[in-house]
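Encoded structure:
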């Protein structure tokens, strides 16, 4: 079975000549299906750049990147291919929920399967199921503005999971939440990873959730260093 | 697929509707300008229909009687009746003047005509035709005069015996019809002081005041106090007569100018109201550009307010055409609201305008198409901005 994410020697250079900046300098990473991995690093270390490369938003300068064994960017991927990749195989959870304010909760979640071509009724059914799995099924008809911060983040997670992508990229998903809610979000991500076999990368600064990860990648100056759970325990 | 534009509009409907209303009032002004132009043309065509004439005979080398002054002898009609194909002839005078009414004054075009001849107003909406030789009048209802009301014109009082509708000059002044001789007196007769002065001057002239020729001075003075001039002779032709042939005959043999209905339409529309039409067209162009700029600005602002949402949509796989469609639909929605409000407003306020505002269904359809086209074009700026939004903007850092 292929790893969900496998990257090696990934580099990303911004600019050219003297103004060139290497944001990533040969990153290696492997994440297995059903695994939740932390990605930790100070500001400017390259976290967001790595996330954007993994999210098929920016193209790396060099290196190899494979999702579920399929190499990305190797065969002249087009914009439409990357868009379909993001829609069908990658889920995103952001620091803020970034829900669409003019759609209700159900349609915020159902939007993804609709974009993938699923009929509205079926997409809404699937969205309601996902909202119920995340304990916000009772808020399905509510408007986004009527939800609490924690509920909004659960809806955002439901949106990321609704197409059942093999990979979820979470960019500081607990930053705006208190400790209790932050731990709840991580618990939910872990449950979903177990339930759907989704590989999840969580970028975070949040000290209170760091101990929950079995594996952590530290990123510093564009390079990653893996820290295994056993090592952290020691 | 969810209609994102519709949901966004419903979510912020108040802002959207108020913006649409504002745009609609601008569109209403634009439609009214078009209506004013149509009204000018229609006034001109209505003017030509008033007397039931087939030919207008005026002073040679003039574009009279509406576009230029024209003076024709009032006995010229006799000669014109002798032209083959001419069935009826009628002398008509025109004079724009102020008439006192209820403490104020009303601007009217005073029309002198001969009852029973070309030049007589056609369908009356109230009252009866003029049956007496003097001091009766038929008024357009926009003068505000009522039936049996007595109005004063210069030295005499006239009784309004009939009312007409849509009988206005090319300038939009309502018409007041009186018997020809009364109109000639109003138009050409001098005031008392001028008459006394003229008589004294004539009496002092030895050429006219000759004791050896009794009655000469009185005859000369009488000729000075009366008018034998009209502005136009209207002709009605016998059935199946070629009006261009008759007009050519009159020009050749009677030393007068003769215009057919087509000629008069050309004079009225292409010459008399040409400047006004250009003025209105310029307003239309400016208003259209302003409307387009406003729509573009509104749609652009609305789009920039959704940068994060658009970035998220692109990140989660929304196609460019989905996002472009959302913006375009909002632009068209704004245009649709604007047009409905504008058309309603223009229809409601058209009767208040002092001049006739003619809102044609065809113009409304064209206006709707133009508004939609302008809104679609105006959306392009916002669409370009939206398509430039980087999906990476949804990811921090």
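Residue numbers (the numbering used here), protein chains in the order written: chain A, 2 to 235; chain B, 38 to 434. Just so it is clear, CB atoms sit at the ideal spot from N, CA and C, and this is done for glycine as well.
Residue 210 of chain A versus residue 174 of chain A - alpha carbon distance: 11 angstroms
Residue range of the beta strand (DSSP E) that includes residue 97 of chain A: Premise fails: residue 97 of chain A is in no beta strand (DSSP E) and is neither H nor E.
According to DSSP, residues forming a beta bridge with residue 219 of chain A: A:41, A:226
Top-ranked residue by Cα proximity to residue 85 of chain B, from B:409, B:126, B:303: B:303
Contact set between residue 428 of chain B and chain A, taken where Cβ atoms lie within less than 7 angstroms: 58
Short CB-CB distance (under 9 angstroms) between residue 350 of chain B and chain A: yes
Close beta carbons around residue 429 of chain B, own chain, < 6 angstroms, minus the five adjacent residues each side: none
Host beta strand (DSSP E) of residue 9 of chain A (start-end): 6 to 15
Secondary structure of residue 114 of chain A, DSSP reduced to three states: helix
Sequence-distant residues of its chain with Cβ nearer than 7 angstroms to residue 297 of chain B (five each side left out): 92, 280, 281, 284
CB contact flag (residue 37 of chain A, residue 190 of chain A, <9 angstroms): yes
Residue 269 of chain B - partner residues in DSSP beta bridges: B:129
Straight-line gap, residue 212 of chain A to residue 81 of chain A (C-alpha atoms, nearest Å): 39 angstroms
Residues, ordered as in the chain, of the stretch 95 to 122 of chain A that lie near chain B by beta-carbon distance below 8 angstroms: 95, 96, 99, 101, 102, 103, 104, 108, 111, 112, 113, 115, 116, 117, 121
Below-9 angstroms beta-carbon distance, residue 49 of chain A vs any chain B residue: yes
Pick from B:218, B:211, B:312 that is closest to residue 151 of chain B, judged by C-alpha positions: B:218
Range covered by the alpha helix (DSSP H) that runs through residue 347 of chain B: 344 to 352
Short CB-CB distance (under 9 angstroms) between residue 155 of chain A and chain B: no
Closer than 9 angstroms to chain A by CB, residue 417 of chain B: no
Where the alpha helix (DSSP H) through residue 79 of chain A begins and ends: Segment: none, residue 79 of chain A is in no alpha helix (DSSP H) and carries neither H nor E.
Neighbour-count burial assignment, residue 222 of chain A, 16 or more Cβ in a 10 Å radius: exposed
Beta-carbon separation (whole angstroms), residue 20 of chain B vs residue 120 of chain B, contact threshold 8 angstroms: There is simply no residue 20 of chain B to check, as chain B begins at 38 and stops at 434 in what is shown.
Residue 15 of chain A classed as buried or exposed, judged by whether at least 16 other C-beta atoms fall within 10 angstroms: exposed
Own chain residues within Cβ distance below 7 angstroms of residue 57 of chain A, not counting five before or after: 73, 83, 86, 87, 91
Residue-chain proximity (residue 346 of chain B, chain A), Cβ-Cβ < 9 angstroms: yes
Contacting residues, own chain, Cβ-Cβ under 7 angstroms from residue 420 of chain B (five flanking each side not counted): 361, 364, 365
Enclosing alpha helix (DSSP H) for residue 231 of chain B [first to last residue]: 229 to 240
Buried or exposed by the 16-neighbour rule on C-beta atoms within 10 Å, applied to residue 56 of chain B: buried
The stretch 81 to 95 of chain A: positions lying closer than 7 angstroms to chain B by Cβ: 84, 85, 87, 88, 93, 95
Reference residue 359 of chain B; option with closest CA among B:347, B:370, B:369: B:347
Where residue 193 of chain B sits in the DSSP three-state scheme: strand
Contact with chain B by residue 40 of chain A, beta-carbon distance below 9 angstroms: no
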